[in-house]
Amino acid sequence: MNGFDPALFSGKTVVVTGAGRGIGAAVARGFLETGASVIAHAGRSLDHAEADLLPGLSDDQKSRLTLLTADLSVRGGGETLAGDILGVLDGPLDVLVNNAGTMVGRIPAAEVDDEAFDAIVDLNVRSVVALTTVLLPALKDGGKAEGGSAIVNTSSISAIVGGSPGSSLYSSSKAFVSTWTRALARELAPDHVRVNAVSPGTIMTDFHRRYSSEEKLQATAASIPMKRLGTAEDCAPAYLFLSSARLSGYLTGQVIEVNGGQFMG
Ligand SMILES: NC(=O)c1ccc[n+]([C@@H]2O[C@H](COP(=O)([O-])OP(=O)(O)OC[C@H]3O[C@@H](n4cnc5c(N)ncnc54)[C@H](OP(=O)(O)O)[C@@H]3O)[C@@H](O)[C@H]2O)c1
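In full-length UniProt numbering, the protein residues as written are 1 to 265.
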């Protein structure tokens, strides 16, 4: 249980992508613990949601959860998911958390080709922009309510520091997300839609189990001022904070670094 008011998002409707596991699952759980109705994109299948997200939820929390699936690395994936969300959305949208994404693979700079470019950019950039664009009218409707609505994107520490070898396209795709966050924040402020991002450092999820060796992770942990890697639960409160007008109503266009001091801007 987090330390937020259990009614903080009572009556609010929230969309979280990539919520079947990792950071997205912790964020979805956080919203369910604070009263929201959550439309969760679980990932490409329900497998991880069944293993990671659903266990531990109360019947009341499950009754406020709708699970959807979509492959966001294919062209049109963002639009397809947005259509499915609009199919179950019953009124305005209060919060959109764009979290689904991954490195896809470590690709040395000399081996970057169109296929790698499309795979990484379609997932981390194109689908995020497409999903948000289709959901914007619902978010603007949410903006008419007291406190307005909010978009929280997931960037990465690698957007600033460039990541580690083999992550040039991924890191650059996250730099797009950070700049896009600021551009949208400026453009949507008149519609009372706040737009911010969370930028995780090295967070111990399946992401790093796939792409980083144990030795690399130990060396990274030793270099972090707080001397440990982050967890999904370390990240989730920043998303809730940025989604709540009560807690962050005068905050827009910001990228919050959650990294134990790994990078200080
Ligand atoms: N972990 C870190 O250190 C770190 C640091 C900075 C930023 N981030 C960012 O944080 C976000 C969450 O990452 P995480 O660490 O929680 O990783 P994770 O545990 O691997 O979760 C990634 C989520 O994104 C979904 N996803 C990946 N590829 C997809 C695809 N092609 N179509 C649809 N959904 C897809 C996954 O669904 P499936 O289950 O179907 O794969 C999963 O739900 C990502 O945007 C990541 O880039 C992570």
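Ideal Cβ placement from N, Cα and C applies to all residues, glycine included.
Treat the numbers as computed from the prediction; the structure is a model and nothing was measured.
Query, Result
"Shorter than 8 Å, the distance from the beta carbon of residue 22 to the closest heavy atom of ligand 1, or not?", "yes"
"Considering only heavy atoms of ligand 3, does any lie closer than 8 Å to the CB of residue 107?", "By its list of ligands, the structure shown excludes ligand 3, since it contains just ligand 1."
"Is residue 261 close to ligand 1? I mean its beta-carbon at under 8 Å from any heavy atom of the ligand.", "no"
"Across which residues does DSSP place residue 230 in a beta bridge pair?", "203"
"Within 10 angstroms of its Cβ, does residue 45 collect 16 or more other Cβ (buried), or is it exposed?", "exposed"
"Terminal residues of the continuous beta strand (DSSP E) containing residue 88?", "Note, residue 88: premise wrong, no beta strand (DSSP E); alpha helix (DSSP H) at 77-88."
"Among all the DSSP beta bridges, which residues are the ones paired with residue 17?", "Bridge partners of residue 17: none, in fact."
"Do you know how far the Cα of residue 96 is from the Cα of residue 151?", "5 Å"
"Would you check if the stretch 130-142 and the stretch 77-85 touch, i.e. whether three or more CB-CB distances between them fall below 8 Å?", "yes"
"Can you confirm whether the stretch 213-229 touches the stretch 8-22 when touching is taken to mean that 3 or more C-beta pairs between the two stretches lie within less than 8 Å?", "no"
"Could you check if residue 117 is buried or exposed, using at least 16 other CB atoms within 10 Å of its CB as the buried criterion?", "exposed"
"Cβ of residue 149 within 9 Å of Cβ of residue 94?", "yes"
"Any heavy atom of ligand 1 closer than 8 Å to the beta-carbon of residue 117?", "no"
"List the whole-angstrom C-beta distance separating residue 87 from residue 154, where the pair is believed to meet the contact cut-off of C-beta under 8 Å.", "The pair is not a contact, with the Cβ atoms about 24 Å apart (cut-off 8 Å)."
"I'd like the list of long-range same chain contacts for residue 310, defined as Cβ closer than 6 Å, with 5 residues on each side in sequence excluded.", "Lying outside 1 to 265, the shown extent of the chain, residue 310 is not represented and no answer is given."
"For my contact list, residue 164 and residue 174 are in at a C-beta cut-off of 8 Å; report their separation, rounded to the angstrom.", "Not a contact, Cβ separation roughly 13 Å."
"I'd like to know whether the C-beta atoms of residue 192 and residue 144 end up nearer to each other than 9 Å.", "yes"
"Could you check if residue 206 belongs to the surroundings of ligand 1, using beta carbon to heavy atom distance under 8 Å?", "yes"
"For residue 2, which of helix, strand or coil comes out of DSSP?", "coil"
"Measuring only the C-alpha atoms, how far is residue 108 from residue 76?", "27 Å"
"Can you tell me the Cβ-Cβ gap for residue 42 and residue 9, rounded? I've got them flagged as a contact below 8 Å.", "About 20 Å separates the two Cβ atoms, so there is no contact after all."
"Quick check: the Cα distance between residue 246 and residue 147, rounded to an integer number of angstroms?", "7 Å"
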